[in-house]
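Written below as structure tokens is the structure these notes are about.
2 protein chains.
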Amino acid sequence: MAQLRIALAQVNATVGDLDGNAALIGEWTRRAAAAGAHLVVFPEMALTGYPVEDLALRESFAEASKQTLARLAVQLDEAGCGDIASYVSYLDRDDVGPRDAVAVLHRGKVVATQFKHHLPNYGVFDERRYFKPGQTLDILRIHGLEVGMVICEDIWQEGGPISALGQAGVDLVVAPNASPYERDKDDVRLPLVARRAAEADAPLVYVNLVGGQDDLVFDGDSMVVGADGGLLTRAPQFVEHLAVLDLELPGGAARTDGTVGEFTVSRRTLHAEPLAPYEPTPPPAPAEPLPELAEVWAALVLGLGDYVRKNGFRSVVLGLSGGIDSAVCAALAVDALGADAVHCVSLPSVYSSEHSRSDAQDLAERTGVHFQVQPIADMVTTFTAQLGLTGIAEENVQARCRGVTLMGLSNQHGHLVLATGNKTELAVGYSTIYGDAVGGFAPIKDVPKTLVWELARWRNAAGPGAPIPENSITKPPSAELRPDQVDSDSLPPYELLDRVLDDYVEGDRGYTDLLAAGFAPELVDKVLRMVDAAEYKRRQYPPGTKITFKAFGRDRRLPITNGWREGK
Amino acid sequence: MAQLRIALAQVNATVGDLDGNAALIGEWTRRAAAAGAHLVVFPEMALTGYPVEDLALRESFAEASKQTLARLAVQLDEAGCGDIASYVSYLDRDDVGPRDAVAVLHRGKVVATQFKHHLPNYGVFDERRYFKPGQTLDILRIHGLEVGMVICEDIWQEGGPISALGQAGVDLVVAPNASPYERDKDDVRLPLVARRAAEADAPLVYVNLVGGQDDLVFDGDSMVVGADGGLLTRAPQFVEHLAVLDLELPGGAARTDGTVGEFTVSRRTLHAEPLAPYEPTPPPAPAEPLPELAEVWAALVLGLGDYVRKNGFRSVVLGLSGGIDSAVCAALAVDALGADAVHCVSLPSVYSSEHSRSDAQDLAERTGVHFQVQPIADMVTTFTAQLGLTGIAEENVQARCRGVTLMGLSNQHGHLVLATGNKTELAVGYSTIYGDAVGGFAPIKDVPKTLVWELARWRNAAGPGAPIPENSITKPPSAELRPDQVDSDSLPPYELLDRVLDDYVEGDRGYTDLLAAGFAPELVDKVLRMVDAAEYKRRQYPPGTKITFKAFGRDRRLPITNGWREGK
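Protein sequence lines, in the order shown, are assigned to chains A and B.
The numbering of the first sequence is my numbering, which starts it at 136 and goes up by one.
The numbering of the second sequence is my numbering, which starts it at 136 and goes up by one.
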């Protein structure tokens with residue numbers, strides 16, 4: 136048997152900020168070393184942040200990544216952390232091309248390097264655009280134990296590096312990850328990691344990134360699973376966290392080198408012999424994954440908060456209509472940034488109901504956000520009178536005057552504007568381009584309307600406080616762009632609409648499948664036409680946090696110019 | 136020796152419009168048959184249009200593509216075109232996944248099928264997201280000649296299918312393509328096709344798509360090159376065209392089947408024996424590629440015109456500032472759609488010069504477009520007075536009032552709004568989001584400022600007419616958002632700025648390379664900061680025609696949240 140104390144450093148890296156991320160890694164390595172860890176693992180591309188997108192192709196950035204890594208190895212050693220083996224993932228580049236890589240830093244040097252093998256090229260991922268796959272496996276003997284490594288997607292595919300490590304013989308596998316959050320993904324992770332641990336016949340140390348990066352939020356949820364599938368520890372979601380775990384492993388794995396399947400295995404020894412026995416620390420209690428709505432709320436808060444902070448903003452401004460969408464956005468902003476950083480604006484027109492204004496006021500009082508009223512009637516009249524706008528044109532100009540007002544306040548006072556649209560209206564095009572679609576970030580862009588209601592009820596019940604006025608939750612939704620307008624004038628009931636959209640947008644189901652699912656042909660025709668016709672609006676929409684399997688953004692890339700009609 | 140009359144059907148397909156494209160293919164096959172052709176080749180994915188993006192992953196669309204192909208084969212036969220071998224590229228799907236495919240239709244049936252092998256996954260291409268590569272080569276014996284086929288990228292890569300066909304033995308190779316236009320690409324095509332023809336030891340029939348599809352425009356430029364590298368015919372650019380060519384080929388190529396390299400070759404015979412000798416038609420004169428500026432102008436006209444037409448619009452509206460950008464956009468719109476479809480609006484503010492108004496009026500008179508004046512002063516005052524906007528906020532609200540006005544006219548009258556921004560300002564963020572960035576399409580989005588001037592001078596000189604007022608070309612550019620403002624207050628001289636941008640944006644050069652190129656450090660710092668900080672604006676910008684190597688859009692995917700600073 137051999138002991139080893141491992142540390143999982145679930146950190147929040149910032150894309151592009153090599154120096155900042157290196158300092159972060161330095162700080163958390165020191166903490167791991169102070170806790171007596173022999174090995175610390177950071178998430179995938181923690182040094183560069185993830186995803187760097189086309190920065191991966193820029194030679195100057197890859198060079199800087201390599202140089203920062205080498206400097207970091209020296210800095211860790213000079214800081215007294217040279218004895219801990221630090222698994223730091225970064226951007227490498229060789230004759231073949233850019234590499235999604237992990238290096239092990241020890242005593243001032245890089246002692247092992249490996250390149251990601253399986254490169255995901257679906258959904259939000261374009262890794263085949265960026266990286267060349269690796270075919271080598273570098274195994275290190277650390278205190279008498281053979282430690283292998285893989286990176287993220289390497290775990291999600293059958294066969295591949297994990298299987299080869301199992302055949303070659305390892306006592307432990309570490310895996311840096313940058314796995315973006317989606318609802319229910321955490322339910323999938325544990326069985327997946329367990330399967331791979333069994334395949335490797337060794338515990339698997341899964342360390343995931345945490346934090347927001349444009350459309351994506353990474354949920355952490357790092358874990359260690361034994362070869363028998365047992366959960367040894369689990370980190371919380373959506374927060375940075377250092378998990379320190381003492382392992383006692385059988386050791387003595389067979390040590391095949393050379394060619395194993397399509398891989399080349401090489402081994403290097405840091406310390407041949409096991410540690411002298413020591414008193415292990417009790418294992419930390421595994422964190423419980425958050426219940427569903429709490430999890431979604433936490434994802435949205437982190438996605439919004441990190442976008443604001445990482446882009447150097449100190450405040451946000453948004454329109455408060457008294458409706459549920461803007462109320463939820465305001466509540467998220469308060470939870471992410473504090474009420475003092477949130478500026479809410481009621482923008483009543485001649486069609487705004489009294490409750491529109493009073494519900495907005497109510498939210499402001501409940502939450503303590505900054506609040507002002509900017510009536511748009513005069514602005515609207517100036518346009519409609521001069522240009523002779525009627526009907527839809529008159530409705531839209533109201534939304535646009537609101538947009539111009541919010542941008543004016545943003546330009547004048549430095550706030551980031553939040554667009555408050557939800558996924559359902561973005562799907563069917565029930566929003567005004569350059570109107571309510573205005574903003575630098577859209578916190579609930581990927582939240583279907585029915586889930587917006589659920590989240591509002593949950594947030595009020597969960598506390599602290601009940602930020603969302605009850606009336607905002609219960610009243611029939613309305614854009615209030617003409618007298619007595621309600622959403623149900625133009626749209627199917629949201630409960631029904633969201634079910635159709637779930638099948639069409641997330642499920643990518645065709646016409647026949649939708650009919651087979653029981654939806655009426657006229658409903659399917661209407662909804663699909665609306666969704667397809669709204670592609671141009673989505674193309675110009677601000678970014679917002681992905682929480683579903685298929686968000687509007689890089690998940691779903693459809694042409695604007697498109698003659699395809701389902702069911703034709 | 137054996138003769139064969141081939142036809143290159145350089146057509147303009149519409150993405151998603153299976154029935155429309157099938158009808159198009161039917162019509163052009165009839166024309167080829169009427170011209171006595173024995174074989175006709177259509178561009179890559181002519182049946183579905185290209186690129187279909189995530190539609191490639193939708194099962195219902197792939198099914199419809201396959202069914203439409205089968206129906207088309209029958210329809211061609213029933214229309215009396217069964218004897219001509221029709222090379223029709225489409226979307227297939229099998230157990231492995233979606234396929235970029237080409238089928239040969241003959242006498243009512245599909246007689247050969249092949250899947251694209253090399254799948255580009257760089258620049259604007261994401262084909263590894265969509266397709267699975269093919270490993271088989273189907274060679275048909277047509278009138279005594281062995282005819283092989285490849286698809287697009289198969290030509291751009293060394294080795295692969297062309298090389299295998301050469302080894303296996305073919306008398307002719309046909310290649311459907313969907314190769315997007317870029318300046319200077321036509322200079323590259325001919326040597327490339329010649330190289331591959333030599334590798335195959337057979338003439339190569341290169342048929343390219345023509346037409347606009349969102350950001351991309353396909354330039355046609357189809358050609359036939361002999362095994363000796365000699366150009367046998369060349370189609371014009373940017374127009375649909377049927378090129379009919381009589382070939383006299385040695386025949387008698389060795390006929391290896393089975394495994395050739397990584398491919399499996401199979402052969403099938405339509406007609407074992409050569410045709411009886413006939414009098415060949417004289418070869419058509421090869422089209423001369425357009426001179427550079429004429430070529431760019433034609434690309435922009437087609438890109439704009441097709442976006443408008445294929446999306447069902449009948450008119451466009453744009454702001455006319457009297458400046459060069461909007462003048463060039465107006466001229467493009469007139470050339471694409473006719474003056475009666477173009478609505479120009481002068482939107483003077485209190486800061487607009489007299490020449491701003493008069494130059495706009497001048498252009499309207501030269502071109503015959505619809506013209507109106509909508510002063511924005513009152514709109515602006517309503518916002519600035521109520522919200523207390525000063526400085527940048529006051530400048531931007533003017534641009535936004537213009538945007539709201541154009542959208543109001545669009546909503547009221549059904550015009551598509553054109554955004555008139557150029558590549559240089561989009562690069563450095565010298566545009567107002569939701570202001571002058573407003574529009575459904577941006578015709579000169581990928582045109583650097585210096586090229587805008589060149590194009591304006593060229594267009595006036597080339598005729599017909601001289602649509603652009605001389606003053607618009609010669610006066611110092613200005614956004615006119617504050618008194619006496621000129622672009623050179625905020626930006627380096629455009630000749631210099633465009634050179635830096637060419638290296639940084641298109642060349643992806645880092646800080647060190649830019650200094651080595653001779654640019655001053657302060658200039659490089661300033662320009663790079665501006666470019667990097669403007670990513671969020673570009674993310675919400677309308678689509679526009681790609682003409683350069685790296686356009687803002689799918690060519691250049693950078694994160695908004697980005698801590699990387701060149702030269703730090």
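Virtual Cβ for every residue (Gly too), placed ideally from N, Cα, C.
Bear in mind the structure is a predicted one, so any value in this text is a computation, not a measurement.
Where residue i falls: helix, strand or coil (DSSP)
{"i": "R201(A)", "result": "Per the sequence shown, residue 201(A) should be read as Lys rather than Arg. Note: K201(A) maps to helix in three-state DSSP."}
{"i": "K681(A)", "result": "coil"}
{"i": "N718(A)", "result": "No information on residue 718(A) is available, as it lies outside the stretch 136 to 703 that chain A covers here."}
{"i": "D227(B)", "result": "strand"}
{"i": "E657(A)", "result": "helix"}
{"i": "P326(B)", "result": "helix"}
{"i": "L455(A)", "result": "coil"}
{"i": "K244(A)", "result": "strand"}
{"i": "D354(B)", "result": "strand"}
{"i": "V485(B)", "result": "coil"}
{"i": "G215(A)", "result": "helix"}
{"i": "S195(B)", "result": "helix"}
For residue i, the first and last residue of its enclosing beta strand (DSSP E)
{"i": "M358(B)", "result": "M358 to V360"}
{"i": "G696(B)", "result": "According to the sequence provided, residue 696(B) is Thr. The question's Gly does not apply to it. Careful: T696(B) lies outside any beta strand (DSSP E) and carries neither H nor E."}
{"i": "A378(B)", "result": "H376 to L384"}
{"i": "Y442(A)", "result": "It is not in any beta strand (DSSP E) - Y442(A) instead sits in the alpha helix (DSSP H) that spans E427 to K445."}
{"i": "R402(B)", "result": "F398 to T404"}
{"i": "G341(A)", "result": "A small correction: the amino acid at residue 341(A) is Tyr; Gly does not occupy that position in the sequence shown. From DSSP, the beta strand (DSSP E) with Y341(A) extends over L339 to N343."}
{"i": "F373(A)", "result": "Per DSSP, F373(A) belongs to no beta strand (DSSP E) and is neither H nor E."}
Range covered by the alpha helix (DSSP H) that runs through residue i
{"i": "Y646(A)", "result": "Y646 to A651"}
{"i": "F518(B)", "result": "A512 to L522"}
{"i": "Q496(A)", "result": "E489 to T502"}
{"i": "A169(B)", "result": "L153 to A169"}
{"i": "S607(A)", "result": "E605 to T609"}
{"i": "R264(A)", "result": "E262 to Y265"}
{"i": "R674(A)", "result": "E670 to R674"}
7 Å Cβ cut-off: residues of chain A touching residue i
{"i": "Y486(B)", "result": "Neighbours of Y486(B) on chain A: none; closest Cβ ~17 Å, over 7 Å."}
{"i": "T647(B)", "result": "S195"}
Neighbour list for residue i in chain B, Cβ cutoff strictly below 9 Å
{"i": "L707(A)", "result": "Absent from the structure is residue 707(A), since the part of chain A shown begins at 136 and ends at 703."}
{"i": "D643(A)", "result": "D189, L192, R193, E194 and S195"}
Partners in chain B for residue i, counting only beta-carbon separations shorter than 7 Å
{"i": "L544(A)", "result": "L522"}
{"i": "R263(A)", "result": "N256 and R263"}
{"i": "Y442(A)", "result": "T696"}
Interface partners of residue i on chain E, CB under 9 Å
{"i": "I527(B)", "result": "Reference to chain E is not applicable here, since the protein chains of this structure are A and B."}
Chain B residues whose Cβ lies nearer than 8 Å to that of residue i
{"i": "G575(A)", "result": "Y671"}
{"i": "D513(A)", "result": "T517 and Q521"}
{"i": "P678(A)", "result": "R674 and I695"}
Any non-hydrogen atom of the ligand PLP within 6 Å of residue i CB
{"i": "L190(B)", "result": "This structure simply doesn't include the ligand PLP, nor any ligand for that matter."}
Residue i: contacting residues in chain A (beta-carbon distance under 9 Å)
{"i": "Q509(B)", "result": "Q521 and L522"}
Residue ranges of each alpha helix (DSSP H) run of no fewer than 4 residues wholly in the stretch 540-596 of chain A, ordered along the chain? 558-563
Can you pull out the residues from the stretch 192-209 of chain B whose beta carbon lies closer than 9 Å to at least one beta carbon of chain A? Taken in chain order, the members of the stretch 192-209 of chain B whose beta-carbon sits within less than 9 Å of a beta-carbon on chain A are L192, R193, E194, S195, F196, E198 and A199.
Handout entry: Ordered list of alpha helix (DSSP H) runs contained in the stretch 271-310 of chain A, each at least 4 residues
Key = 288-291 and 296-303
Could you name the residues of the stretch 529-541 of chain B whose beta carbon sits closer than 9 Å to any beta carbon of chain A, in the order they occur along the chain?
Cβ proximity to chain A below 9 Å picks out E529, E530, N531, V532, R535, C536, G538, V539 and T540 from the stretch 529-541 of chain B.
(Q) Please identify, using Cβ separations under 8 Å, the residues of the stretch 662-674 of chain B that lie next to chain A, in order along the chain. (A) Y671 and R674
Unbroken stretches of the alpha helix (DSSP H), 4 residues or longer, contained in the stretch 617-641 of chain A: 629-636
**Prompt:** Closer than 8 Å, Cβ to any Cβ of chain B: which residues of the stretch 270-293 of chain A, in chain order?
**Reply:** none
Please list the residues of the stretch 137-164 of chain B that have a C-beta atom closer than 9 Å to any C-beta atom in chain A, keeping them in chain order.
T149, V150, G151, D152, L153, D154, G155 and N156
- [ ] Select from the stretch 333-351 of chain A all residues with a C-beta closer than 7 Å to any C-beta belonging to chain B, and list them in chain order.
- [x] Q348 and D349
- Task: Using a Cβ-Cβ cut-off of less than 7 Å, give me the residues of the stretch 557-572 of chain A that come near chain B, in sequence order.
- Result: Y569
Please list, in chain order, the residues of the stretch 443-458 of chain B that have any C-beta partner in chain A closer than 7 Å.
K445 and N446
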